[in-house]
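Working notes, beginning with the structure itself.
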Amino acid sequence: MSNILNAQELRKKIAIAESEKASAAFKLHQQAEAEKKALLDHMSKPSGLSDDQIIEKTAVIVNRAVESGLTSVQVYRFPHTLCTDNGRAINQAEAGWEETLTGVPKEIYDFYQRQLKSRGYPEDVLQAILGHAAYTGVRRETRMAKALFAVDELTGLITAAALVRPSKSVLDLEASSVKKKMKDKAFARGVRREDVTTGAEEIGVPLDDHITFVIGAMRGVAPSLGLAGAPAAG
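Counting along the sequence shown from 1, when you hit position 116 you're at 216 in the numbering used here, and nothing is skipped either side.
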């Protein structure tokens with residue numbers, strides 16, 4: 101017959117359990133902060149990509165926008181801390197806001213000036229570059245802004261899911277596999293799952309259909325994304 105713990109033993113057991121929970125929560129917080137710092141460090145430096153490479157990487161987003169009947173597309177998001185004034189000029193739509201950009205956001209704006217402006221893309225489309233990041237404070241009010249929000253985190257999840265496959269390819273990846281990985285919180289921790297689901301809801305597309313569509317778009321440019329599969333052993 102098992103013995104029943106006395107009150108003091110119960111309190112001790114509860115204290116140990118609470119301590120373990122607090123320790124685990126602290127470790128998760130530390131990990132999240134480390135990932136955030138790494139992301140900010142990455143964004144604060146030039147990407148090193150050529151204009152051709154940047155164009156290739158935006159192809160998935162552009163294809164999604166065209167299929168949705170959009171006339172403009174959002175291509176990037178970043179936190180206000182990458183602005184020299186913490187995003188004040190952008191949020192207030194002040195003239196000269198582009199001068200506050202640093203790191204990759206500045207690189208994107210310069211890319212717009214070099215490649216897109218002369219092709220007829222209006223500068224006000226750049227407002228949507230901010231709109232899909234919840235922490236920038238800019239609302240997603242246009243279909244274009246909602247479309248990029250819907251694909252941004254998802255493309256990262258799909259890329260991660262493809263790279264852990266034996267084939268290292270998106271060509272044989274199915275939506276069911278991506279959804280399974282999505283449920284594993286330890287997988288690709290930097291991907292915000294709530295953004296994926298909210299994004300699909302905002303554009304009015306079932307999640308399974310949305311994932312399938314984006315996989316299909318990525319398959320179309322798989323070689324340039326590095327997701328066409330590992331070369332056969334010679």
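Glycine included, every Cβ here is placed at the ideal spot set by N, Cα and C.
* Asked: In three-state DSSP terms, what is Ala228?
  -> Below a pLDDT of 50, predicted positions are generally treated as unreliable, and Ala228, at 46, falls in that range; the measurement from the model is reported next regardless. Three-state result, Ala228: helix.
* Alpha carbon to alpha carbon, how far is Gly220 from Ala286? Give it in angstroms, no decimals. => Ala286 and Gly220: Cα-Cα distance of roughly 43 Å.
* To do: Report yes if the CB atom of Ala322 is closer than 8 Å to the CB atom of Ser276, and no otherwise.
  => no
* Please state if the CB of Val305 and the CB of Leu257 are separated by a distance shorter than 8 Å. => Judged by beta-carbon spacing, Val305 lies beyond the 8 Å limit of Leu257, meaning their Cβ atoms are not closer than that value.
* Beta-bridge partners of Leu201, as assigned by DSSP -> Looking at the DSSP output, Leu201 bridges to Cys183.
* Asked: Sorted by chain position, which residues of the same chain lie with C-beta nearer than 6 Å to Thr202's C-beta, five sequence neighbours on each side aside?
  -> Leu182
* **Selected residue, minimal CA-CA separation from Met318, among Asp295, Ala260 and Arg111** => Of the candidates Asp295, Ala260 and Arg111, the one whose C-alpha sits nearest the C-alpha of Met318 is Ala260.
* From Pro146 to Glu207, what does the alpha carbon distance come to, in whole angstroms? -> 7 Å
* Report the three-state DSSP secondary structure of Ala125 (helix, strand or coil). => Note: Ala125 maps to helix in three-state DSSP.
* Asked: In terms of residue numbering, what span does the alpha helix (DSSP H) encompassing Gly326 cover?
  -> First-last for Gly326: undefined, no H or E at that position.
* Enumerate in chain order the residues of its own chain whose CB-to-CB distance from Phe313 is below 8 Å, with the five nearest sequence positions on each side excluded. => Arg164, Glu167 and Val305
* Host alpha helix (DSSP H) of Glu156 (start-end) -> Residues Asp151 to Lys157.
* Asked: Can you tell me where the alpha helix (DSSP H) with Ile303 in it begins and where it stops?
  -> No alpha helix (DSSP H) holds Ile303; DSSP gives it neither H nor E.
* Do Leu307 and Thr298 have their CB atoms nearer than 8 Å? -> no
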